[in-house]
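**Student:**
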Amino acid sequence: MTAAAVIGLQWGDEGKGKIVDCLTADAGAVVRFQGGHNAGHTIVINGETKILHLLPSGAVRPGVECLIGNGVVLSPRALFAEVESFGAGAAEVAARLRLSGACPLLLECHRLLDLAREAARVGGAIGTTGKGIGPAYEDKAARRALRLADVADAAGFAAKLESLAQYHNFMLGNYYQTETWDWRADLDFILSRRDELMQMMCPVPERLAELHRAGANILFEGAQGALLDIDHGTWPFVTSSNTAAGNIACGAGFAARHLGRVAGVVKAYTTRVGNGPFPTELHDDTGRRLAERGGEVGATTGRARRCGWLDSVALRYAADLNGVDTLCLTKLDVLEGIETLRVCTGYKNTRGGGGAPDDCEPEYAELEGWDESIGGVRRYQELPRAVRGYVEWIEERVGVPVSLLSVGPGRDDNIIRSRLFD
Ligand code: IMP
2 MTAAAVIGLQ WGDEGKGKIV DCLTADAGAV VRFQGGHNAG HTIVINGETK ILHLLPSGAV
62 RPGVECLIGN GVVLSPRALF AEVESFGAGA AEVAARLRLS GACPLLLECH RLLDLAREAA
122 RVGGAIGTTG KGIGPAYEDK AARRALRLAD VADAAGFAAK LESLAQYHNF MLGNYYQTET
182 WDWRADLDFI LSRRDELMQM MCPVPERLAE LHRAGANILF EGAQGALLDI DHGTWPFVTS
242 SNTAAGNIAC GAGFAARHLG RVAGVVKAYT TRVGNGPFPT ELHDDTGRRL AERGGEVGAT
302 TGRARRCGWL DSVALRYAAD LNGVDTLCLT KLDVLEGIET LRVCTGYKNT RGGGGAPDDC
362 EPEYAELEGW DESIGGVRRY QELPRAVRGY VEWIEERVGV PVSLLSVGPG RDDNIIRSRL
422 FD
């Protein structure tokens, strides 16, 4: 019986989708507790790529229950588009989906506001995914959001939506002088899918308590990464939710003391999409090589990801913040053929701030690289000595063991040293 979490320890895109998919082989339920359809979790099964944005990655494993907690901002359009992307399997996926009635709805007005705010931001754009995540969380904090449970009462929902439109359209039209929100289109869409939404609605905290009591393995799937956490990340270049494991209790309604294990997912190097500090970023051939070999293109927006060396200072900070007790190291195969690897061990001229500080010069340790292809290796001891040296250097630096190494994009391209669930 275990409740475990998978959390990204960098700026997102660490490969959490694949890790969650591996671990769901042993899980009864997978739960999203923050973020929305800004996430892009890529899973490759038998050479076929599936990218999930809003649904828990457990969706690709028939039989696994998929829960979306109150901490997620829920776009009904994104939800149905994603369910329908399963084609013939859509009904089976929908039958396993449980949505908290307390999820704030993410609507078209939030997308319009996101775009307008980014264009007008003093101090430069954040580089958001443009999905409306920030404005949807703003409405939640302001207690004016519509929640999934509001859809139950069609007339009441329509009245609340109209009132929300008056508020946001005033801002969009007068302050931003941009396109206003056709709220009736959202109303029609949501009411046309009302029965399906109501069927999927579920008291998630009660369901989780029930699963926990029954001894089911529950997996909480983090989206984005620790350095994008709204409180503990590289503010203001962050997302609008708490991405850290500490938010599982509030974002899903699951008692904090029942969370047994936290797996931190870390890419063998670092990437970032969007703007903001990135001390170990590379602008040279090595950076371009990482981008190319790693296929570093954003799964949600198609933007090129910025690439750089691993940052052990930021990694230890993120591991401590999340109480990580095991690491999953991804994309190790991408480092093949680099003669000398560098890992940041400290910063000079630091101005401070949460996580990786801005405006500082990194100091590096140099580690031996390797030429051998490791994609086919499945046993740790069979890895070249330099690869093990890299892995063990990270373990020692962060003080946390690496339990899983991903050496390729496929579901089975892993070296598993110990299992997350007992
Ligand atoms: P937002 O979450 O769309 O508001 O974007 C805020 C910041 O988080 C931007 O830098 C985005 O690029 C980044 N971001 C949001 N979701 C993801 C993700 O799933 N992976 C990586 N970066 C993300």
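The end of the sequence shown is residue 423 by this note's numbering, with every number in the run present.
All residues carry an ideal CB built from backbone N, CA and C; glycine is no exception.
(1) State the Cα-Cα distance for the pair Ile-191 and Gly-376, rounded to the nearest angstrom.
(2) Can the beta-carbon of Glu-364 be found less than 8 Å from the beta-carbon of Tyr-348?
(3) Does DSSP put Thr-244 in a helix, a strand or coil?
(4) So does the segment 306-318 actually touch the segment 47-65, counting three or more Cβ pairs closer than 8 Å?
(5) Rank Cys-361, Arg-398, Gly-338 by C-alpha distance to the C-alpha of Glu-425 and give the top, closest one.
(6) Below 8 Å, can you find three or more Cβ-Cβ pairs linking the segment 10-18 to the segment 266-286?
(7) Taking the alpha-carbon positions, what's the Gly-356 to Ala-320 distance?
(8) Checking the sheet assignment: what are the DSSP bridge partners for Arg-306?
(9) I'd like the list of long-range same chain contacts for Thr-3, defined as Cβ closer than 7 Å, with 5 residues on each side in sequence excluded.
(10) Drop a sphere of 10 angstroms on the beta-carbon of His-111, count the other beta-carbons inside from all chains shown, and report buried for 16 or more, exposed for fewer.
(11) Might you give, ordered along the chain, the residues of its own chain that have their beta carbon closer than 7 Å to the beta carbon of Leu-322, omitting 5 neighbours on each side?
(12) So, is Tyr-318 buried or exposed, given that buried needs 16 or more other C-beta atoms within 10 angstroms?
(13) Is Thr-43 close to the ligand IMP? I mean its beta-carbon at under 7 Å from any heavy atom of the ligand.
(14) Would you call the CB atoms of Leu-173 and Thr-179 closer than 8 Å?
(15) DSSP three-state call for Gly-356: helix, strand or coil?
(16) Could you check whether Ile-231 and Val-239 sit closer than 8 Å to each other, using their CB atoms as the reference points?
(17) Mind reading off the beta-carbon distance from Ile-20 to Val-7? Whole number of angstroms is fine, and I expect it under 8 Å.
(18) Please determine, among Gly-390, Gly-409, Gly-411, the residue with the shortest C-alpha to C-alpha distance to Val-403.
(19) Determine which residues share a DSSP beta bridge with Tyr-348 and list them.
(20) If I follow the unbroken beta strand (DSSP E) through Thr-272, where does it start and stop?
(21) Find out if the Cβ-Cβ distance for the pair Glu-297, Arg-306 is shorter than 8 Å.
(22) So Pro-105 and Asp-140 are in contact, right, with Cβ under 8 Å, and what is the actual spacing, rounded?
(23) Give every residue of the same chain whose Cβ lies closer than 6 Å to the Cβ of Val-114, excluding the five residues on either side of it in the sequence, and list them in chain order.
(24) Pick helix, strand or coil for Ala-143, following the three-state DSSP scheme.
(25) Do Lys-141 and the ligand IMP come close, with the Cβ less than 7 Å from some heavy atom?
(26) Which full runs of the alpha helix (DSSP H) of 4+ residues lie inside the segment 59-112, going along the chain?
(27) Can you round the beta-carbon distance between Leu-162 and Leu-147 to whole angstroms, since I take them to be within the 8 Å contact cut?
(28) How should Asn-415 be labelled, buried or exposed, when 16 other C-beta atoms within 10 angstroms of its C-beta is the threshold for buried?
(29) Beta carbon of Arg-208, beta carbon of Leu-24: below 8 Å?
(30) Could you tell me whether any non-hydrogen atom of the ligand IMP is closer than 7 Å to the CB of Ser-193?
(31) State yes or no: is the C-beta of His-429 within less than 8 Å of the C-beta of His-213?
(32) Got a sec, what are the start and stop residues for the alpha helix (DSSP H) Ala-320 sits in?
(33) Going by the DSSP bridge assignment, what does His-1 pair with across the sheet?
(34) Suppose the cutoff is 6 Å on Cβ atoms and the five residues either side in sequence are ignored; what does the same chain contact list for Pro-206 look like?
(35) Only counting runs of 4 or more residues, tell me where the alpha helix (DSSP H) segments fall wholly within the segment 180-216, in order along the chain.
**Tutor:** Let me spell this out:
(1) 45 Å
(2) yes
(3) coil
(4) no
(5) Only positions 2 to 423 of the chain appear in this structure, which leaves residue 425 out of reach.
(6) yes
(7) Here the model assigns Gly-356 a pLDDT of 49, short of 50, so the residue's position is not dependable, and the following value carries that caveat. Taking the straight line joining both Cα atoms gives about 11 Å.
(8) Its beta-bridge partners do not exist; DSSP assigns none.
(9) Asn-218, Gly-261, Arg-262, Phe-422, Asp-423
(10) buried
(11) Ala-227, His-233, Ala-245
(12) buried
(13) no
(14) yes
(15) Confidence is the limiting factor: at Gly-356 the pLDDT is only 49, short of 50, which leaves the residue's position unreliable, though a coordinate-based value still follows. Residue state, collapsed to three classes: coil.
(16) yes
(17) 6 Å
(18) Gly-390
(19) Pro-363
(20) 271-273
(21) yes
(22) 6 Å
(23) Checking the displayed sequence, the identity of residue 114 turns out to be Leu instead of Val. Answer for Leu-114: Pro-136, listed in chain order.
(24) coil
(25) no
(26) 77-85, 91-97
(27) 6 Å
(28) buried
(29) no
(30) no
(31) Residue 429 is absent from the structure shown; the chain starts at 2 and stops at 423.
(32) 313-323
(33) As displayed, the chain neither begins before 2 nor continues past 423, which places residue 1 out of reach and without an answer.
(34) Gly-254
(35) 184-193, 195-201, 205-214
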